[in-house]
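What follows is a set of notes on a single structure, which appears directly below.
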Ligand SMILES: Nc1ncnc2c1ncn2[C@@H]1O[C@H](COP(=O)(O)OP(=O)(O)O)[C@@H](O)[C@H]1O
Ligand SMILES: [Mg+2]
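Residue numbers (our numbering): 70 to 394.
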């Protein structure tokens with residue numbers, strides 16, 4: 070999955086955070102390499118913000134450790150954090166000040182000059198709206214100003230917690246384009262999201278987190294380049310049960326009157342012949358692109374086979390449905 074020549078920017082090793090009643094982060098290990106746009110995808114309450122808080126040093130871990138730019142000592146982390154920019158939520162900008170004046174305050178704290186304020190305003194497309202008061206900004210503009218503040222100091226690693234949360238499709242598109250532009254300039258981006266759609270369109274790599282655990286980690290290209298077999302026959306439940314016995318089937322899922330399966334060898338003709346020998350005749354068989362949604366469903370069990378259909382599967386395949394590769 071990762072090229073050994075890549076250099077890790079973030080690496081976590083069995084990182085844990087337990088609160089009195091909740092284990093927010095339950096032993097996660099992942100790696101983000103330079104130049105990746107890494108999507109940290111999971112439902113609300115999965116542990117995304119806690120993980121980001123740990124990386125930023127706002128929250129201290131219960132166990133485990135992490136490295137930033139290859140270092141993990143207090144001194145290493147301190148200097149690493151000077152190479153990072155992060156937004157945990159929309160920062161408290163002053164409503165009666167303009168976007169530019171708000172950035173001047175942040176730039177003062179970060180010891181950045183005026184030229185840099187103009188640079189980051191242009192970067193997020195707020196150059197012409199910089200005189201307007203913050204309170205008159207749309208939510209999308211507020212999020213973009215937060216991104217601009219994050220970009221002061223030209224960080225190499227940018228960490229964004231749900232950057233498109235609450236935005237309309239147009240606002241999301243703007244954020245996506247800014248992120249794409251940053252990626253083209255070689256920045257490493259780590260963003261959390263509970264929206265599949267956002268991650269699929271923005272990210273090069275994804276880790277899926279659920280209940281504080283990483284259930285899947287993969288490049289988005291790997292996800293979408295592997296096709297799945299889409300099948301139809303008169304009796305879809307019987308078809309699903311038959312395909313589940315096929316030796317090269319990694320997983321099988323019935324979706325209404327369709328059956329979808331991932332094949333180890335991708336050989337549709339062999340599957341067709343094998344089914345025909347068992348008296349199962351298909352009305353449709355095609356290679357279909359797998360979406361991140363398929364992977365998310367496999368990994369989290371959301372939208373998995375209905376219990377009745379799952380029970381019809383032989384043990385090994387049923388087990389493989391929830392397996393992490
Ligand atoms: N300070 C805290 N004290 C107790 N529980 C917390 C605290 N912060 C987060 N949690 C719990 O930890 C879990 C993960 O939360 P969080 O990291 O915010 O998830 P996400 O950002 O993925 O929505 C949730 O169950 C949440 O209620
Ligand atoms: Mg969160």
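Cβ atoms here follow ideal geometry from the backbone N, Cα and C, with glycine treated the same way.
_Pocket of ligand 1 defined by Cβ to heavy atom distance under 5 Å_ = 88, 91, 93, 113, 114, 115, 116, 117, 118, 119
_Is it the case that the stretch 275 to 289 contacts the stretch 354 to 373, given that we only count it when at least three CB pairs across the two stretches are under 8 Å?_
yes
*Check whether the Cβ atoms of residue 281 and residue 92 sit closer than 8 Å, and answer yes or no.*
The residue labelled residue 281 in the question sits at position 212 within the chain shown. The residue labelled residue 92 in the question sits at position 23 within the chain shown. Yes, they are a contact pair.
*Helix, strand or coil for residue 261 per DSSP?*
Residue mapping note: residue 261 aligns to position 192 of the chain shown, counting from 1. Correct three-state label for residue 261: strand.
*How is the alpha helix (DSSP H) around residue 81 delimited, first residue to last?*
Looking up residue 81 in the chain shown gives position 12. In this chain, residue 81 is not harboured by any alpha helix (DSSP H); it is covered by the beta strand (DSSP E) spanning 77 to 87.
*Report yes or no: do three or more beta-carbon pairs, one from the stretch 209 to 216 and one from the stretch 231 to 248, lie closer than 8 Å?*
Flag = yes, the stretch 209 to 216 and the stretch 231 to 248 touch.
*Which partner residues does residue 357 have in the DSSP bridge list?*
Against the chain shown, residue 357 aligns to sequence position 288. In the DSSP output, where bridge partners are listed per residue, residue 357 has 297.
*Throw me the rounded Cβ distance for the residue 259 and residue 364 pair, which I believe falls under 8 Å.*
The sequence position of residue 259 within the chain shown is 190, counting from 1. The sequence position of residue 364 within the chain shown is 295, counting from 1. About 19 Å separates the beta carbon of residue 259 from that of residue 364, a gap too long to meet the 8 Å contact definition.
*Quickly, what does DSSP pair residue 92 with across the bridge? List them, please.*
Numbered from its first residue, the chain shown carries residue 92 at position 23. Beta-bridge analysis with DSSP links residue 92 to 87.
*Distance, Cα to Cα, residue 146 vs residue 324?*
Here residue 146 is taken as the residue at index 77 of the chain shown, counted from 1. Here residue 324 is taken as the residue at index 255 of the chain shown, counted from 1. Their backbone Cα atoms lie some 47 Å apart in a straight line.
*Between the beta-carbon of residue 156 and the beta-carbon of residue 219, is there less than 8 Å?*
The residue labelled residue 156 in the question sits at position 87 within the chain shown. The residue labelled residue 219 in the question sits at position 150 within the chain shown. The answer is yes: Cβ separation under 8 Å.
*Work out the CA separation of residue 172 and residue 80 for me, nearest whole Å.*
As a working note, residue 80 is residue 11 in the chain shown. As a working note, residue 172 is residue 103 in the chain shown. Going by the C-alpha atoms only, they are around 31 Å apart.
*asked:* Can you give me the C-alpha to C-alpha distance between residue 75 and residue 277, rounded to a whole angstrom?
replied: Residue 75 sits at position 6 when you count from the first residue of the chain shown. Residue 277 sits at position 208 when you count from the first residue of the chain shown. Residue 75 and residue 277: Cα-Cα distance of roughly 21 Å.
_Can you tell me where the beta strand (DSSP E) holding residue 273 begins and where it ends?_
As a first step, residue 273 must be located in the chain shown, where it is residue number 204. That residue, residue 273, is in no beta strand (DSSP E); it is neither H nor E in DSSP.
*Within the same chain, show all residues whose beta-carbon is closer than 7 Å to that of residue 394, passing over the 5 residues directly before and after it, in chain order.*
Within the chain shown, residue 394 is the residue found at index 325, counting from 1. In this predicted model, residue 394 has a pLDDT of only 30, less than 50, meaning its place in the structure is not dependable enough to derive any value.
*asked:* Please classify residue 176 as buried or exposed, where buried requires at least 16 neighbouring CB atoms within 10 angstroms.
replied: Reading the chain shown from its first residue, position 107 is the one you call residue 176. Taking all protein chains in view, the Cβ of residue 176 is crowded by 16 or more other Cβ atoms within 10 Å, so the residue is classified as buried.
*What number of angstroms, rounded off, separates the C-alpha of residue 372 from the C-alpha of residue 329?*
Position 303 of the chain shown, counted from the first residue, corresponds to residue 372. Position 260 of the chain shown, counted from the first residue, corresponds to residue 329. Note that residue 372 has pLDDT 42, beneath the 50 cutoff, so the model's placement of it is unreliable and the number below is only indicative. Cα to Cα, the separation comes out at about 13 Å.
*What's the gap between the Cα of residue 134 and the Cα of residue 244?*
Numbered from its first residue, the chain shown carries residue 134 at position 65. Numbered from its first residue, the chain shown carries residue 244 at position 175. Their Cα atoms are separated by approximately 31 Å.
_If distances are taken between C-alpha atoms only, which option among 250, 344, 89, 290 comes closest to residue 194?_
As a working note, residue 194 is residue 125 in the chain shown. Answer by Cα proximity: 250.
*Hey, would you say residue 164 sits closer than 8 Å to residue 200, going by beta carbons?*
Residue 164 sits at position 95 when you count from the first residue of the chain shown. Residue 200 sits at position 131 when you count from the first residue of the chain shown. In this structure, residue 200 does not lie closer than 8 Å to residue 164 by Cβ.
_Alpha-carbon spacing of residue 181 relative to residue 221, whole angstroms_ = Reading the chain shown from its first residue, position 112 is the one you call residue 181. Reading the chain shown from its first residue, position 152 is the one you call residue 221. Distance between residue 181 and residue 221, taken at the CA atoms: about 7 Å.
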